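J.: One structure, pasted below without further comment.
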Amino acid sequence: MMAAMRTLSLAVLALCAPRSTGFRALSMTLSRKAAHPGNVDGNFFVDHTCIDCDTCRWMAPKTFGRVSSGGQSVVYSQPATEEETTKALQAMVTCPTGSIRTRKPEKMVKTVRDSFPLAVDSKRIPQVFHLGYASEKSFGAVAYLVTSKTPEGEPFNILMDSPRFSSHLAKALDAVGGVQYMVLSHKDDVGDMNRWKERFPDMQRIMHKVDVRTEHQWPYIDMTGVERQLEGSGPWEVADGVKIVYTPGHSQGSVSLIVDGEHTGGDGVAFTGDHLALSARLGRLDGFARFSDDTDQQADSMAKLADEDILWILPGHGRRHSFDSALEREEGLRAAAEAYRRDPTGQKAPGPLFAVV
């Protein structure tokens, strides 16, 4: 009844004030929050505010797909099991724009909200976690946590890029000993770093000085207070087994964090920001040429990672990728670098990894 009354009231407003700027803004907001017509019937849906960051499609691939035109996610199959529902809710919590919604409350939502940080792979890299809570300020970039100890047994925890600030997530980070370092891959993915600094005042932030911006420069976030601003071409050691390598191309200050197995609990990992990822659209390891400052320079940086002792690529945007051996890594990254150099926009790439509806 109340819903019907609200609908009637809005209709009356529309008739009485067709030229009202305020009403037009309200109508636009309401229409953007309406379910996308590409959704299948059911409780979960995606609205028109989706920014096509791909997060929900890789987190819950059995539920979310992408429309063939318009560039937005939709629900192409409603969750059918508890596992699928959990993954859909985790995607909902992570969504940077709050575009995933339910018509009726889901009883598991509070439990799922508190499930972050999520282990990336509990067998191969048990001390590496996906933080969820993506920020619209960084277009939904993925932020990660590495939990480790110093030789003296003190917490040695690193955030890679900044998630959206959340008090729930902050409490979870408290439970593992807080945050000692935040490594920022480049200027695009700093997100809520200043709020996290307020929450963890002893945390040291690290990024390349070339990418440091003021609040008056895009993306209009003040980065001048970053405690450690790297200069030159590195590499830079954070601790034994943890280093930062210079990987320019996407931006002139792009860096990648290399963490060895002593700190991940298994395989070595490269956290690559927007420098290198498995492209869901192209179906290949890629550097997203459309957003690159210099694709040739970026290809050189890709090839540089072939010699690092890693088996995982964990990016900010794009999808994760793992190798089974050092040889596969060396061959795969060199091939990816050359393919990107020859065909940066992926005209000959295999094609999408997500459901197209």
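Going left to right, the sequence shown walks through residues -22 to -1, 1 to 335 as mature numbering (1 follows the signal peptide of the UniProt record, and there is no 0) numbers them.
Every residue, glycine too, gets a C-beta built ideally from N, C-alpha and C.
A quick note: this is a predicted structure, and the numbers were derived from the prediction, not measured.
#1: Helix, strand or coil, according to DSSP, for T125 in the structure here?
#2: Could you pull out every residue in the same chain whose Cβ sits closer than 7 angstroms to the Cβ of G16, ignoring the five residues on either side in sequence?
#3: Taking the alpha-carbon positions, what's the Q207 to M160 distance?
#4: Is it true that the stretch 188 to 198 meets the stretch 136 to 154, where meeting means three or more beta-carbon pairs spaced less than 8 angstroms apart?
#5: Just to confirm the assignment, what range does the beta strand (DSSP E) spanning D264 have?
#6: Pull up the CB-CB distance for Q50 and C28, whole angstroms please, since I reckon it's below 8 angstroms.
#7: Between R262 and the rest of its own chain, which residues show a CB-CB distance below 8 angstroms, the 5 nearest in sequence each way excluded?
#8: To which residues of the same chain is Q182 closer than 8 angstroms at the C-beta, ignoring the five residues directly before and after it?
#9: For T192, which option in I288, E60, I103, T202 has the closest C-alpha, if you only look at C-alpha atoms?
#10: Runs of 3 residues minimum, wholly inside the stretch 169 to 206: which ones carry the beta strand (DSSP E) assignment?
#11: In terms of alpha-carbon separation, which member of E309, I236, S300, G227 lies closest to D271?
#12: Quick check: the Cα distance between K11 and A281, rounded to an integer number of angstroms?
#13: Cutting at 7 angstroms between CB atoms, please list the residues of its own chain near G(-1), excluding the five before and the five after it.
#14: Thinking just about the alpha-carbon of each residue, which of H26, R297, K40, L96 is nearest to the one in R79?
#15: Could you name the residues of the same chain whose beta carbon sits closer than 7 angstroms to that of G243, not counting the 5 residues immediately before and after it, in chain order?
#16: Output needed for L4: all residues of its chain with C-beta closer than 7 angstroms, excluding positions within five of it in sequence on either side, in chain order.
#17: In angstroms, rounded to a whole number, what distance separates the CA positions of G239 and T250?
#18: Measure the alpha-carbon distance for P39 versus A333 and round it to whole angstroms.
#19: Thinking just about the alpha-carbon of each residue, which of Q276, D245, Q275, L331 is nearest to the one in S303?
#20: Expressed to the nearest angstrom, what Euclidean distance is found between the alpha-carbon atoms of A284 and V87?
#21: Look at the alpha carbon of R274 and the alpha carbon of W290, and state the distance between them as a whole number of angstroms.
#22: In whole angstroms, what separates the C-alpha of F301 from that of S9?
#23: Could you please give the first and the last residue of the uninterrupted alpha helix (DSSP H) stretch that includes S145?
#24: Looking at the secondary structure, which residues open and close the beta strand (DSSP E) in which D99 lies?
#25: For a quick check, are the C-beta atoms of V220 and H186 less than 8 angstroms apart?
#26: Please classify D287 as buried or exposed, where buried requires at least 16 other C-beta atoms within 10 Å of its C-beta.
T.: Once the coordinates are examined:
#1: strand
#2: V45, V52, V335
#3: For Q207 and M160, the distance between alpha carbons rounds to 12 angstroms.
#4: The count of Cβ pairs closer than 8 angstroms, one atom from the stretch 188 to 198 and one from the stretch 136 to 154, stays below three, leaving the stretches out of contact.
#5: 262 to 264
#6: 4 angstroms
#7: For R262, where only same-chain residues beyond five positions count, the Cβ hits under 8 angstroms are L256, A314, A317, G324, A327, P328.
#8: Q158, Y159, M160, E205, R206
#9: T202
#10: 182 to 186
#11: G227
#12: 43 angstroms
#13: Confidence at G(-1) is low in this model, with a pLDDT of 49, below 50, so its placement is unreliable and the value that follows should be read with caution. The answer is none, since no qualifying residue turns up.
#14: Cα-wise, what sits closest to R79 is H26.
#15: Hits under 7 angstroms: I103, P104, Q105.
#16: Residue placement at L4 is flagged as unreliable, the pLDDT there being 38, under the threshold of 50; a coordinate-derived value is accordingly withheld.
#17: 17 angstroms
#18: 8 angstroms
#19: D245
#20: 41 angstroms
#21: Per the sequence shown, the amino acid found at residue 274 is Asp instead of Arg. Distance between the alpha carbons of D274 and W290 is about 23 angstroms.
#22: 44 angstroms
#23: That run of the alpha helix (DSSP H) goes 145 to 153.
#24: Note, D99: beta strand (DSSP E), 96 to 99.
#25: no
#26: exposed
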